[in-house]
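Enquirer: Chains as they are written, first to last, in the working numbering: chain P, -13 to 646; chain L, 567 to 817. First the structure, then my questions, so here it is.
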């Protein structure tokens, strides 16, 4: 291998790296900040907090989002909470412990120095959000309240009812609105980034499509920041919003930004199971439910068969015939094991025939014990909105008494099943959050660095805001300090014209395929292949079949696609088609990475590599690295693998254990 | 198990803000009861595209009732027949075989139609930019627990903050007033100690911006509260009015 990957991790002991970095990095003085332009694509937690902070510091910022308002970004849908190492509960928490839990939760595949920094700034996030007026839940004494989340033995999760993501995003959106009002940030809503423009090896602008007029527009800046989220919608059905896509990330990838660890896809254990073939998305039930809900399937196969046939209900099965399989297999963490472990355990039971609905792909989440212990009022206070949401979707009220057997009361259980939720992989970035293209940065879910092979609950919000408020605003200056003499760019440069023409050619090509199949019908086929062959349980053989099928889907897309209407004006089918083309490329990338990684770790489970007890079996000897994929000039060609070796100094790498 | 239903769908079509617009009528057949309202529109659009026609344009995104993107009158009610739910959370089991279901975009001077059922709500962003924030810099504020906030106040602020900015309050109001939206944000911030220093200025600035953008005033009909998918209370409007009067008296 010729390329050496420099992740620019600062010298010194882990606890001093970030402090040292900040003490020695280059800064930009206020007069020069006004002369420097930054494009921020995306207005979720990472994008909005970065745009607001950079604008406030004095840079001229252009901020883009595909929705009608920055407040709609999908960060808004995060329910449960945000982690921080405040130790307000006096339960032994510390920056080191949050760092340790995150690295362990990520199955020792994250970059150690980045995770330590994340844990370090976690406390600042809570302070910042409270100062903005984010209404976190509080105790009667007026102090902040906490709850527990998976993968931790402390209560470090701050929350605002079941709407924590909403409240944090609205906090960032209000800070952003303040800067838009002050004129430091210019906002472009209903714009979608289609390409990044590279001038002399540096990112200098973007081509964006105005989704209302259909026109392509050029924007220039000294640096470009991508905060465009994850690629979960490659699976069609996921908990992501309908418009979540990876087009901006794929544009960067095609221009030479490495894509790291695409195989690390998180499958969330507590989603409402799939019902029909017309379903458009899957609804998440917050992980916080696992604080008081107990997950089970029947012990007896005949009970499972009766549930599948609809001749029995969950509440007909008495306590002694229930298998609380997480409590059985993982006594130390019980129902609060990390998401990847809980998801695999559910799949294992359902694969053995113990699924509890008509498709056999569901397990129970039961509140009978907690309702008896706490009373329905307390349980509803904690999860009322989730119970209501569940009832509206399924017509079943989980808080309702359904049966009494031998003096024990049984309430309606919820049915849940794992679904695609979050993507730990993403654009490769160094310690400064800069991609392998100079001047191009990636923050939030769309980069790869902090969660390793599995993300712990309540850590996505933490990472998005850490990157946007507290990391990027520092590190981007180290880059921009060299750019102060560079004048503003003209979008008339040939590089901009060429990039725009390439996007226009792509659009013309898609419009002219004139086949018979709608975008959604092809997207659904893609989703089936991804879930079947590149989903929760992967094998080398299955992945090879998957790759072959993905090639067929690409061919179908290229020959059978039909887009009604014209390219002028608003055309939502055209916009979806552009995204789908990138999802297909993304799907292949996930499969290539999954096939290369001959081990099981976190969200990546290769069935060939498991212990006798069915736990993930890592291979640190051969796979203790970040897999970076480099584009080879065409979507048809397989990408090339580069490796960033992982270096652990502070933590001893060991087998994950949630049993004792 | 839910039954399948068949019904008549009347959908507003409008090709741009200047177009006069009209209703298109579709016969929907055998729609399962566990289909969401927006999934039902997906089915319609799939049929339209298969027939070579342009799909009905509507705003939608998270489909879990939190992003505030979806925005339809269903049979004259913003977000349809349910209380405390957005359009995306309505399921077809609420409708009967043979129903006629009418779907329209928000109709208000403050929200011009972009296309079909999609409207322009950037006015809400502009109101936020006028004062919907606490003026605090990114950096290192004091420890979060240094500000003690009694639980009832924090809870009240949270209830106000649950507004999703969808615009149903404006759509429901005969005056096209955005008072519920403005008052929810003003209440959240003005209730909390962090928002107090700018409380009066905030109330005045956001209300002036609302007036400037062509939204009407409040005549206490309470339609907004009845249709709000997050059940935001009009007591917030009373609080906003108090702060506004205080601000005026100080002028």
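Glycine included, C-beta positions come from ideal geometry on N, C-alpha and C. Since the structure is predicted, the reported quantities are computational estimates derived from the model, not experimental observations.
Starting from the C-beta of residue 293 of chain P, find all residues in its chain whose C-beta is less than 6 Å away, skip the five residues before and the five after it, and write them out in chain order.
Expert: Answer for residue 293 of chain P: 342, listed in chain order.
Enquirer: Of the choices L:801, L:631, L:695, whose alpha-carbon is the least far from that of residue 746 of chain L?
Expert: That would be L:801, whose Cα lies nearest to the Cα of residue 746 of chain L.
Enquirer: For residue 5 of chain P, which of P:496, P:76, P:539, P:102 has the nearest alpha-carbon?
Expert: For the residues P:496, P:76, P:539, P:102, the minimum Cα distance to residue 5 of chain P belongs to P:102.
Enquirer: Under 8 Å, do residue 214 of chain P and residue 27 of chain P count as touching if we go by C-beta distance?
Expert: Contact: yes.
Enquirer: Given 7 Å as the limit, tell me if residue 42 of chain P has its C-beta closer than that to any heavy atom belonging to the ligand MG.
Expert: Of ligands this structure carries none, so the ligand MG is not represented either.
Enquirer: By the 10 Å Cβ neighbour count, where 16 or more other Cβ atoms means buried, how is residue 431 of chain P classified, buried or exposed?
Expert: Residue 431 of chain P comes out buried.
Enquirer: Put residue 1 of chain P into one of helix, strand or coil per three-state DSSP.
Expert: The answer is helix: DSSP assigns residue 1 of chain P an H, G or I state.
Enquirer: Just to confirm my understanding: we take residue 646 of chain P, look at its own chain, exclude 5 residues before and 5 after, and list those with CB closer than 8 Å. What are they?
Expert: The answer, listed in chain order, is 317, 318.
Enquirer: Assuming residue 49 of chain P contacts residue 252 of chain P under a Cβ cut-off of 8 Å, what Cβ separation, rounded to an integer in Å, is found between them?
Expert: Incorrect: roughly 27 Å between the Cβ atoms, too far for contact.
Enquirer: For a cutoff of 8 Å on Cβ pairs, would you count residue 570 of chain L as touching chain P?
Expert: So, not an interface residue.
Enquirer: Please list the residues of the stretch 715 to 743 of chain L that have a C-beta atom closer than 7 Å to any C-beta atom in chain P, keeping them in chain order.
Expert: Against chain P - using a Cβ distance shorter than 7 Å - the residues of the stretch 715 to 743 of chain L are 715, 716, 717, 720, 723, 724, 727, 728, 731.
Enquirer: Quick one, which residues of the stretch 786 to 810 of chain L are near chain P if we go by CB-CB under 8 Å, in chain order?
Expert: Listed by position along the chain: nothing, the set is empty.
Enquirer: How far does the alpha helix (DSSP H) with residue 396 of chain P in it reach, from first residue to last?
Expert: Residue 396 of chain P -> not in any alpha helix (DSSP H); beta strand (DSSP E) instead, spanning 394 to 397.
Enquirer: With DSSP as the reference, label residue 265 of chain P as helix, strand or coil.
Expert: Three-state result, residue 265 of chain P: coil.
Enquirer: Using a Cβ cut-off of 8 Å (strictly closer), state whether residue 749 of chain L contacts chain P.
Expert: Not one chain P Cβ lies under 8 Å of residue 749 of chain L.
Enquirer: Closer than 7 Å by beta-carbon distance: list the chain L residues that pair up with residue 110 of chain P, in chain order.
Expert: Those are 706, listed as they occur along chain L.
Enquirer: Cα separation between residue -13 of chain P and residue 609 of chain L?
Expert: Low confidence applies to residue -13 of chain P: its pLDDT is 47, below 50, so where it sits in the model is not reliable, and the reading given next is rough at best. Their Cα atoms are separated by approximately 51 Å.
Enquirer: Give, in chain order, every residue of the stretch 581 to 611 of chain L whose Cβ lies closer than 9 Å to some Cβ of chain P.
Expert: Here the close residues are 581, 582, 597, 598, 599, 600, 601, 602, 604, 605, 606, 608, 609, 611.
Enquirer: Alpha carbon to alpha carbon, how far is residue 149 of chain P from residue 155 of chain P? Give it in angstroms, no decimals.
Expert: Each residue's alpha carbon lies about 10 Å from the other.
Enquirer: Does any CB atom of chain L fall closer than 8 Å to the CB of residue 204 of chain P?
Expert: Chain L contact via Cβ: absent.
Enquirer: Let me know the secondary structure DSSP gives residue 716 of chain L once reduced to three states.
Expert: In this structure, residue 716 of chain L counts as coil in the three-state DSSP scheme.
Enquirer: Are the CB atoms of residue 438 of chain P and residue 96 of chain P nearer to each other than 8 Å?
Expert: Against a cut-off of 8 Å, the Cβ pair of residue 96 of chain P and residue 438 of chain P comes out as a contact.
Enquirer: With 9 Å as the C-beta to C-beta threshold (strictly closer), list the residues of the stretch 394 to 415 of chain P near chain L in chain order.
Expert: From the stretch 394 to 415 of chain P, no residue has a Cβ closer than 9 Å to chain L.
Enquirer: As an exercise, report each continuous alpha helix (DSSP H) stretch of at least 4 residues that is fully enclosed by the stretch 721 to 746 of chain L, in chain order.
Expert: You should have 734 to 738.
Enquirer: Whole angstroms is fine: what's the gap from residue 794 of chain L's alpha carbon to residue 727 of chain L's?
Expert: Each residue's alpha carbon lies about 13 Å from the other.
Enquirer: Does any residue of chain L have a CB that is nearer than 8 Å to the CB of residue 42 of chain P?
Expert: Yes, because at least one Cβ of chain L sits closer than 8 Å to the Cβ of residue 42 of chain P.
Enquirer: Just to confirm my understanding: we take residue 200 of chain P, look at its own chain, exclude 5 residues before and 5 after, and list those with CB closer than 7 Å. What are they?
Expert: Cβ neighbours of residue 200 of chain P beyond the five flanking positions: 553, 554, 555, 556, 557.
Enquirer: Who pairs with residue 342 of chain P in a beta bridge, going by DSSP?
Expert: DSSP output for residue 342 of chain P lists no bridge partner at all.
Enquirer: Kindly provide the ranges of any beta strand (DSSP E) runs that are 3 or more residues long and lie completely inside the stretch 525 to 549 of chain P, ordered along the chain.
Expert: Within the stretch 525 to 549 of chain P, no complete beta strand (DSSP E) run reaches 3 residues.
Enquirer: Are residue 575 of chain P and residue 248 of chain P touching if we call contact CB-CB under 8 Å?
Expert: Result yes, Cβ atoms of residue 575 of chain P and residue 248 of chain P sit closer than 8 Å.
Enquirer: Kindly identify the DSSP beta-bridge partner or partners of residue 55 of chain P.
Expert: BP columns for residue 55 of chain P are empty, so no partner.
Enquirer: Can you give me the C-alpha to C-alpha distance between residue 586 of chain L and residue 331 of chain P, rounded to a whole angstrom?
Expert: Spanning the two alpha carbons is a distance of roughly 57 Å.
Enquirer: Mind the definition here: the stretch 477 to 497 of chain P touches the stretch 559 to 566 of chain P only if three or more C-beta pairs lie below 8 Å; say whether that holds.
Expert: The stretch 477 to 497 of chain P, when compared against the stretch 559 to 566 of chain P, does touch it at the 8 Å Cβ threshold.
Enquirer: Any chance you could list the alpha helix (DSSP H) runs of at least 4 consecutive residues sitting entirely within the stretch 357 to 440 of chain P, in chain order?
Expert: Those alpha helix (DSSP H) runs which fall completely within the stretch 357 to 440 of chain P and span 4+ residues are 362 to 380.
Enquirer: Would you identify the three-state DSSP class for residue 554 of chain P, choosing helix, strand or coil?
Expert: Coil.
Enquirer: Using the Cβ count rule (16 or more neighbours within 10 Å means buried), how would you classify residue 607 of chain P?
Expert: By the neighbour-count rule (16 or more Cβ atoms within 10 Å), residue 607 of chain P is not buried but exposed.
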